[in-house]
Structure formats: C-alpha cells, structure tokens
Amino acid sequence: MAIKGRMSGNEAVSYAIRQVNPDVMPAFPITPSTEIPQMVSNYIANGEMDTEFIPVESEHSSMSAAIGAEAAGARSLTATSSAGLALMWEELLLAASNRLPLVMTLVNRTLSGPININCDHSDGMGARDTGWIQIYAENNQEAYDNFIQAYPIAEHAKVHLPVMICQDGFITSHAVENITLMEDELVKDFVGEYQPEEFLLNPGKPIAVGPYSVSNYAMEAKKNQEDAMVQAKEVILQVAEAFEKISGRKYGFFEEYRLEDAEYIMLIMGSAAGTAKEAVDELREKGKKVGILKLRVFRPFPAEEIAKALSKAKAVAILDRCESYHGTGGPLGEEVMAALFRSKVSIEAVNYIYGLAGRDFTVDHAKEVFGELESMITKGIRPEQFQYIGLRK
Amino acid sequence: MRTEIEKIKETTPHQDLTEGLMVFAGGTSKVVQTGEWRTNTPVFYAEKCKQCLLCAPVCPDSSIPIKEGKRGEFDYEHCKGCGICEKACPFGAIEMKGGVD
Ligand code: SF4
Ligand code: SF4
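Read top to bottom, the protein sequences are chains G and W.
Numbered by this note's numbering, the letters in the first sequence go through residues 106 to 498 in order.
Numbered by this note's numbering, the letters in the second sequence go through residues 4 to 104 in order.
Laid out in structure tokens, this is it:
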C-alpha cells in the first residue's frame, strides 16, 4: 500500500535515507542540502535508524570519510551542494577510480561567483568528468525514487561506481509537494543488504585499495572504469524496471513528454522540465507539435538514445542550466550536438542558457523558445546560439 | 574478482587487471627493492648498541629487523635513509652517512 504524503525534496530524500539505513554518513552542512544531514541526524537521535553519522569539518573530509568507510566495507553516503562539491573534487575522482559504490545526494546550487545560494547545475556539471553516475530529478517524487534506485545501480557487479542523485536547490529541495512513498519493508527488500566481495576490514583476506599505479597500469585501469560506466547503462534500465514493478512508476534514461509526433523539441533537465511541460500542454491546445525530452541520466550519457528520440523532429532547443565559459554554450548543448552528429541526425539544434543562479524560467520563456524554433524552420529566421533566457538587455 | 597478484604483469590486458587495481595480498611492498631511492645511509655500530630497541619501532619502512629480542643489521633493500633511527638512538650506535652505501 503506497503512502500519500506532502514533503519537500530534502524531506523526501531524507525519508528514503531512513528507509535504506546506510551504514555510515559523514556530512558537512551547506545550503541548500543542509536539511538532509539535519533530518537524518534527527532520525538517528529518535532511534528510527542506526546509521553511523560522522560530523566532519569540511566536505573534503566528508568525501574522504565516505571513501574510507566504503572501502572498509560499509554502505556509505554523503550530501552536499555547490562549493561543498567543489571542495570534494580530488576525492570524487578517487571514489570512482577505486570503484567504490557510495552514494551522494547533491542538491544543485550555483558555484561562485558571484556568490549566490540558488539553483543552477554548475556544481553537478563541473563534476561531469569525475567518473560518477549522475541522475537528475524533476521533483520530490523523482528525487525519492532515484535515491532508492541508487545503491542497486552502484553496487551491481558490472558497475561498482559511485552515484550522484541530483535535485534542484530550493525549487525541489525546499518546495513542498504531494508525494507517494513506499513502505519501509518494500524499500529495504528492494535495496537489500550490502555484501561487498572485497573490503578492507575482512580478516584473513588482506587487500590494498588505491595503490600507486605506474604508467604501465594506469591507462588500463581508466579504460576499465570507462567500460563500467558504459555497462551501467543496462544496469540503470534493469533497476528501473525492477523499481517499476514495486512502485508502478516508470523510469529510463529520459522522459519523452508528448514526443510521438513532435516537430519541435525542448531538451531539458531538472525542475524546469515541469515548467516546460506546462508550455507544451498550452501550445498543443493550439495545435503546435511540440514536446519535451527530459534528461534523467546524464552520466553515463545516453548519446545514441537521445539522437534516436530526436531524429524525427525538425528542430531541438537544448537548455543548459550552466555556462561553460568557452564561447560555445553549455555541456548539454555540446554533448547532445555531438550525439546528433555521430548518429547522422541532421536536425536544427539551438543551445540556450537559462536559470543561472536561481533566475526564473517561466512558461512564457519556454513558449518563446518553441516560437523561435518554429520561425527558424518556417520563416528561416535563425535564433542566436547560446543566448541567455530572461537576460536584461 | 580475487586475482593472484603474481599473475598480473606489465603485459596483462586491461580486462584481466583487478578492479580499481586493488591488490589482493598482504606485504607486497617487500617485493620491490625501494632501498635504491636512498641518498643517505644509516651505519650501525654494533659495539655501541645496548639493544634498547628504541630505533626499530620508529622506522617508517620496517628496515630494522629484530630477531630473538635483538636488532640486527639494517635492511638496506628497503631503508630510505630518512635518519629517524639516528635521532632515536640514545647511544650513538647509528650514524647517517652520505651516499647509497
Ligand atoms: S634511516 Fe630511516 S628508513 Fe633507514 S633504517 Fe633508519 S629509520 Fe629506517
Ligand atoms: S636505539 Fe640504538 S642502542 Fe637502541 S637498539 Fe637501536 S641502535 Fe641499539
């Protein structure tokens, strides 16, 4: 029996953490993810879970402690945002290269500067080449569901990679919405007990984790890590299928919203997809063939699948909530365009930047983008590439 | 996943390496003669030694072997020449000399 509730994104993820009850959680507070370690600490204090919570002095330490605990054989977890993630930089790569299946709940917030505490994806995108699996949520329900799927993906024998479960700061993390929760037992059965094959605190079976590797080995190790990331694709889909059986909620690499006959598609990730869907519904009323491809799994990047889903459209708008400062748009723009090129899908593609540092993205903005795509095809008016949506000029 | 470390060589294809290059054995650092990194070398004067054993536990490379309660000659195959043992010895039985041997 599903449980109906009302929760913020942070509450939803904390609720899932209580249900999964990982062994160790080192964390350091940073807005807007602070509530997660706070709520987990409350659950622990109230005897509702028995995770070993480690209050550390920085995010460099929280990720280091999570890595140490995971290598020792404990299911580990941490939470962070923005500058906290940036401070973990070196350790993020170690977690992945040492093939440690730990989980982080990232509440996306812009990276300074200018210093600002609101949402964009510059923190997560900055960590896009660290070897972590990254799964993004549109709302509290998806943040909850994605967290429950995180350990089964990370700990799968074909994967053994860390997973980042991402939700938009404040917009998702603090806004209270309806949610459907699962019973504790159902979640516990789905996630199961962590039984690592090799771990440090394993008497009689000594191992060394993260040894120095000379040039004759390091490149091979990196290839193996990349292979695991590729293999994660099928595991992510398997876990989603199993999750659908117990929850009734369907997940894939992305959600196709009214794409079946869509001529103009917006590719977007995170909470703004909800706003864009509203615009699509209104435009569909007027007979416009528009739709949304909402990316859920950013790492591994489902390049071929995206190209296929876009192949019948006339034009796609790729929306980045992140600036890459290299003069050619954002990370989603680059990767999606490269995917189209490699799959020989020749449609028009325009990269937009929106919502930086919490700037509002409205239904009207989304409609304007669809309008620009249509004018490009029907009137030959080419929209400016990499334009900032809602910028004062 | 457990692999005998001796079976991994510099010609091993990537598929056959261990995950994350994990090493499934203990004490493997003995195999590599890291003593050749040394630029200074401790010299042991057995006649001055009182066998107090203050030197052995401070050696970061376990290069002062103890047998039947007595320290012996340095393990020069692994000693890095850091000089910590010289500082620890209260009886001047250890002296650092420049060079590898
Ligand atoms: S010089 Fe350093 S490494 Fe060598 S025996 Fe003394 S303490 Fe050990
Ligand atoms: S500290 Fe000096 S006297 Fe004591 S055992 Fe070592 S070498 Fe001998």
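Where is the CB? At the ideal position from N, CA and C, for every residue including glycine.
- Between residue 24/W and chain G, the shortest Cβ-Cβ separation is below 8 Å.
- DSSP, read as helix, strand or coil, puts residue 484/G in coil.
- For residue 245/G, the closest C-alpha among the options 278/G, 229/G, 230/G, 387/G is that of 278/G.
- For residue 47/W, the nearest beta carbon of chain G is not closer than 8 Å to its own beta carbon.
- When the beta-carbon positions are compared, residue 266/G and residue 204/G come within less than 8 Å of each other.
- Rounded to the nearest angstrom, the Cβ distance from residue 115/G to residue 463/G is 16 Å, too far for a contact under 8 Å.
- When the alpha-carbon of residue 326/G is set against those of 438/G, 301/G, 305/G, 199/G, the nearest one is in 199/G.
- Between residue 370/G and residue 285/G, the alpha-carbon positions lie close to 29 Å from each other.
- With a threshold of 8 Å between beta carbons, residue 312/G makes contact with chain W.
- When Cβ-Cβ separations below 8 Å define contact, residue 13/W makes contact with chain G.
- For residue 160/G, DSSP records a beta bridge to 132/G.
- Residues of chain G with a Cβ closer than 8 Å to the Cβ of residue 20/W are, in chain order, 322, 325, 326, 329.
- For the pair residue 43/W and residue 84/W, the CB atoms are nearer than the 8 Å cut-off.
- Under the Cβ criterion of 8 Å, residue 38/W is not counted among the residues facing chain G.
- At a cut-off of 8 Å, the C-beta of residue 339/G has no neighbouring C-beta in chain W.
- Chain order is used for the residues whose beta-carbon lies nearer than 6 Å to a heavy atom of ligand 2, namely 52/W, 53/W, 54/W, 55/W, 56/W, 57/W, 58/W, 74/W, 91/W, 92/W, 94/W, 96/W, 97/W.
- Inter-segment contact for the region 19-32 of chain W and the region 67-77 of chain W is absent: fewer than three beta-carbon pairs are separated by less than 8 Å.
- Note on the region 348-402 of chain G: whole alpha helix (DSSP H) runs with a minimum of 4 residues are 377-390, in chain order.
- For residue 55/W, the closest of 91/W, 46/W, 64/W, 78/W by C-alpha to C-alpha distance is 91/W.
- Annotation for residue 241/G: the continuous beta strand (DSSP E) segment containing it runs 238-241.
- Taking 8 Å as the threshold, the shortest C-beta distance from residue 307/G to chain W does not fall below it.
- Distances taken from the Cβ of residue 86/W to the heavy atoms of ligand 1 include one shorter than 7 Å.
- Your pair residue 76/W and residue 47/W checks out as a contact, with CB atoms roughly 6 Å apart and the cut at 8 Å.
- One finds 325, 328, 329 in chain G with Cβ atoms closer than 7 Å to the Cβ of residue 17/W, taken in chain order.
- With a contact defined as Cβ atoms closer than 8 Å, residue 494/G and residue 466/G qualify at about 7 Å.
- At least one CB of chain W lies nearer than 8 Å to the CB of residue 265/G.
- Contact annotation: residue 330/G and residue 189/G have beta-carbon atoms that are not nearer than 8 Å.
- Think of a sphere of 7 Å around the beta carbon of residue 29/W: the chain G residues whose beta carbon falls inside it are 311, in chain order.
- Taking the Cβ of residue 67/W as the reference point, at least one heavy atom of ligand 1 falls within a distance shorter than 7 Å.
- For a Cβ distance threshold of 7 Å, residue set 24, 26 of chain W lies close to residue 316/G, ordered along the chain.
- By the Cβ-count criterion, residue 45/W is buried, with 16 or more other Cβ atoms from all chains shown falling within 10 Å of its own Cβ.
- Within 7 Å of the CB of residue 404/G, no CB atom of chain W is found; the nearest one sits about 18 Å away.
- At least one CB atom of chain G sits nearer than 8 Å to the CB of residue 5/W.
- Boundaries around residue 111/G are those of the beta strand (DSSP E), 108-112, since no alpha helix (DSSP H) includes it.
- Going by C-alpha positions, residue 52/W is about 37 Å away from residue 316/G.
- In this model, residue 72/W and residue 26/W are separated by some 32 Å (Cα to Cα).
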